[in-house]
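The structure appears right after this line, and notes come after that.
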Amino acid sequence: MEELFIYVVIFGTLFGVFGGAAILVWFERRLLGIWQDRLGPNRVGPFGIGLALADIIKLFAKEDWIPPFADRFVFVFAPTAIVMAMLLGFAVVPYAPGIHIANLNIGLLFFLGMTSLAVYSVLLGGLASNNKYALLGGLRSAAQMVSYEVFMGLSLMGVVMLTGSFSLVDIVHWQADNYWFVIPQFIGFVVFVIAGIAESHRLPFDLPEAEHELVAGFHTEYSGMKFGMFMVGEYLGLILISCMIVTIFFGGWLGPAFLPPFIWFFIKSFAFICFFILLRAAIPRPRYDQLMSFGWKFMLPLTLINLLATGAIVLWI
Amino acid sequence: MDMILKAIWSQLVTLFEVLRHTFTKADTVEYPEEMPYLAPRYRGRIVLTRDPDGEERCVACNLCAVVCPVDCIALQKTEDDHGRWYPEFFRINFSRCIMCGMCEEACPTYAIQLTPDFEMCEYDRQNMVYEKEHLLISGQGKYHGYSFYNVSGKSIEDKDKGEARNEAPPVDVRSLLP
Chain A
2 MEELFIYVVI
12 FGTLFGVFGG
22 AAILVWFERR
32 LLGIWQDRLG
42 PNRVGPFGIG
52 LALADIIKLF
62 AKEDWIPPFA
72 DRFVFVFAPT
82 AIVMAMLLGF
92 AVVPYAPGIH
102 IANLNIGLLF
112 FLGMTSLAVY
122 SVLLGGLASN
132 NKYALLGGLR
142 SAAQMVSYEV
152 FMGLSLMGVV
162 MLTGSFSLVD
172 IVHWQADNYW
182 FVIPQFIGFV
192 VFVIAGIAES
202 HRLPFDLPEA
212 EHELVAGFHT
222 EYSGMKFGMF
232 MVGEYLGLIL
242 ISCMIVTIFF
252 GGWLGPAFLP
262 PFIWFFIKSF
272 AFICFFILLR
282 AAIPRPRYDQ
292 LMSFGWKFML
302 PLTLINLLAT
312 GAIVLWI
Chain B
2 MDMILKAIWS
12 QLVTLFEVLR
22 HTFTKADTVE
32 YPEEMPYLAP
42 RYRGRIVLTR
52 DPDGEERCVA
62 CNLCAVVCPV
72 DCIALQKTED
82 DHGRWYPEFF
92 RINFSRCIMC
102 GMCEEACPTY
112 AIQLTPDFEM
122 CEYDRQNMVY
132 EKEHLLISGQ
142 GKYHGYSFYN
152 VSGKSIEDKD
162 KGEARNEAPP
172 VDVRSLLP
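Which chain is which? The protein sequence lines are A and B, in order.
If you use the numbering used here, the first sequence corresponds to residues 2 to 318, in order.
If you use the numbering used here, the second sequence corresponds to residues 2 to 179, in order.
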């Protein structure tokens with residue numbers, strides 16, 4: 002029975018996040034349309050929701066071309082890496098009390114590790130394409146992710162100090178007993194959100210694929226379902242980061258009792274997904290050196306100060 | 002520090018301003034379901050009109066063909082039994098036409114006119130070539146009551162020189178000799 006339940010959760014997560022990623026393709030365009038005073042795609046099916054299906058069919062039916070100058074093995078491997086890494090990241094997300102795939106005692110570290118592995122996908126994709134735009138995109142993403150990874154991890158350490166555990170389930174339980182971490186760890190929350198956007202290279206931090214400068218960045222040479230994998234990986238990253246923000250800073254499944262815990266988790270995550278799309282609609286992309294100096298000169302000191310302050314409070318108060 | 006706070010504030014204002022657009026109406030006009038308003042003088046599909054008597058207005062002067070910047074108009078002059086000129090054929094190649102309206106401006110008889118209709122897509126390019134039977138309409142178009150032969154000095158069968166509206170009889174120049 003226990004065994005069966007874990008399979009249900011695993012397959013539920015798998016289909017849930019893939020379905021969510023497919024729906025997001027449509028939903029994001031629709032929201033962007035609303036915020037730019039357009040209508041967005043509304044032709045296929047009710048509200049245009051059939052566009053998700055049409056997009057999937059299109060991606061599968063397109064010619065999947067591997068350029069003759071590319072490094073074949075790495076070229077094929079790269080898009081799978083991002084989807085694998087992001088899916089593994091979902092393994093530690095607690096959706097509701099008892100509903101999680103794995104309650105690792107290093108859950109937070111596992112999540113950080115998996116998002117770091119996603120860098121390889123972008124980097125290898127850019128390198129294997131053997132194309133100067135792709136290489137530049139891969140180079141940028143490597144530098145961006147390595148530097149934002151630093152304080153993405155550090156911003157969470159305040160939470161870990163207060164909780165005394167890396168397990169995400171413990172973090173949510175601590176919030177049930179006390180208060181949501183967004184209050185004591187507000188700086189950590191802001192830094193994590195910004196680093197999270199940079200990690201899933203969404204706008205405004207999508208410099209690896211800045212289409213105005215680099216054609217399409219690291220996936221310039223990709224077509225068909227390989228490009229689709231990058232796209233799905235990006236949306237999976239978006240969902241994963243939203244889930245993580247909710248779990249760590251907004252009390253995960255906690256909420257007034259008139260709705261079941263899972264619904265609360267879903268609503269909060271959905272709100273954050275909408276917020277990320279709003280960021281895309283509103284904020285322009287920074288220049289590359291601005292991105293770097295913002296990361297190293299502003300975010301990192303801010304995180305360190307937050308860390309020191311939290312440490313001092315935990316130690317002496 | 003002041004600069005940093007200002008920058009953060011500016012980003013937040015941006016986010017809020019964009020979020021406010023959730024409640025504004027979209028500017029999009031969903032064309033096939035919702036037709037845009039076209040003014041009467043909109044420059045669309047070209048027609049050939051008739052005068053109040055139902056005769057063709059076109060006198061085959063070729064001015065439209067000459068002025069056409071893309072040379073999409075072709076016609077041939079011929080003459081009927083009454084001495085009226087009319088085009089033997091009149092052909093407009095709409096796959097070339099740029100709807101500039103120069104032909105309408107050049108036309109001395111209000112024959113060629115542009116109408117507020119742009120929905121003339123075809124699957125076969127040959128169908129974009131309109132002949133006179135496609136162009137000629139039964140009405141007078143935008144300019145009512147005008148008939149070229151009623152006001153011009155050109156003599157036709159039942160109207161000699163000097164008999165047109167507002168026209169004096171021709172002067173015998175020889176009689177003016179001293």
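Beta carbons are placed, not taken as given, at the ideal position from N, Cα and C, and that holds for glycine.
Keep in mind that this is a model prediction, so the values were computed, not measured.
Where A/I184 is concerned, there is no enclosing beta strand (DSSP E), because DSSP gives it neither an H nor an E. When DSSP reads this structure, B/T79 sits in a beta bridge with B/Y87. Between the region 90-99 of chain B and the region 125-139 of chain B, the count of Cβ pairs shorter than 8 Å is three or higher; the stretches touch.
Closer than 8 Å to the CB of B/L20 there is at least one CB belonging to chain A. Residues of chain A whose Cβ lies closer than 8 Å to the Cβ of B/L16 are, in chain order, L279, L280, A283, I284. Contact annotation: in the region 289-304 of chain A, residues whose CB is within less than 9 Å of a CB in chain B are F299.
Taken atom to atom, the span from the alpha-carbon of B/A165 to that of B/N94 is near 36 Å.
Interface with chain B (8 Å Cβ-Cβ cutoff): A/I35 is included. Residue environment: B/M121 is assigned as exposed (fewer than 16 neighbouring CB atoms within 10 Å of its CB, all protein chains considered). Under the three-pair Cβ rule at 8 Å, the region 145-159 of chain A counts as touching the region 282-298 of chain A.
In chain order, P53 place their CB closer than 8 Å to the CB of B/H145, counting only its own chain and leaving out the 5 sequence neighbours on each side. Contact between the region 9-28 of chain B and the region 204-213 of chain A is absent: fewer than 3 CB-CB pairs across the two stretches fall below 8 Å.
For A/L279, the enclosing alpha helix (DSSP H) starts and ends at 262-283. Between the region 109-120 of chain A and the region 39-51 of chain A, the count of C-beta pairs closer than 8 Å stays below three; the two stretches do not touch.
The three-state secondary structure of B/K160, taken from DSSP, is strand.
The region 13-51 of chain B is shown to contain whole beta strand (DSSP E) runs of 3 or more residues at 47-49, in chain order.
As the crow flies, the alpha-carbon of A/L308 is around 49 Å from that of B/T29.
DSSP places B/L115 inside the beta strand (DSSP E), whose first and last residues are 113-115.
Using a 10 angstroms sphere on the CB of A/R73, the tally of other CB atoms stays under 16, which defines it as exposed. Exclusion of the five residues before and after A/L215 leaves Y134, L137, G138 as the residues of its chain whose Cβ lies within less than 7 Å of its Cβ.
Residues are counted here when their Cβ sits less than 9 Å from a Cβ of chain B; for the region 192-215 of chain A the count is zero. In chain order, G45, R46 place their CB closer than 7 Å to the CB of B/D118, counting only its own chain and leaving out the 5 sequence neighbours on each side.
Setting aside the 5 residues that flank it on each side, B/R51 is surrounded in the same chain by E57, R58, L137, I138, S139, G140, Q141, each with a C-beta closer than 8 Å to its C-beta; the list follows chain order.
The continuous alpha helix (DSSP H) containing A/V9 extends over residues 3-36. Around the beta carbon of B/K162, a 10 Å sphere encloses fewer than 16 other beta carbons of the protein chains shown; the residue is thus reported as exposed. Distances from the CA of A/I67 to each of A/S130, A/A97, A/N106 were compared; the closest alpha carbon is that of A/S130. Relative to the Cα of B/R42, the nearest Cα in the group B/D3, B/S156, B/L115 belongs to B/L115. Within the region 35-68 of chain A, the complete alpha helix (DSSP H) segments at least 4 residues long are 51-62, listed from N- to C-terminus.
In this structure, A/V10 and A/I102 form a Cβ contact; the two beta carbons are roughly 6 Å apart against a cut-off of 8 Å. Sixteen is the threshold: since fewer than 16 other Cβ atoms of the shown chains lie within 10 Å of the Cβ of B/H83, the residue is exposed.
Contacts with chain A at 8 Å (Cβ-Cβ) include B/D28. Per DSSP, the beta bridge partners of B/I74 are B/I93. About 10 Å separates the beta carbon of A/I50 from that of A/A23, a gap too long to meet the 8 Å contact definition. Note on geometry: alpha-carbon atoms of A/S270 and B/Y32 lie some 36 Å from one another.
Following the DSSP letters along the chain, one finds A/H174 inside the alpha helix (DSSP H) bounded by residues 169-178. Scanning its chain for C-beta atoms nearer than 7 Å, with the 5 sequence neighbours on each side dropped, one finds around A/V183 the residues F190, F250, F251, in chain order.
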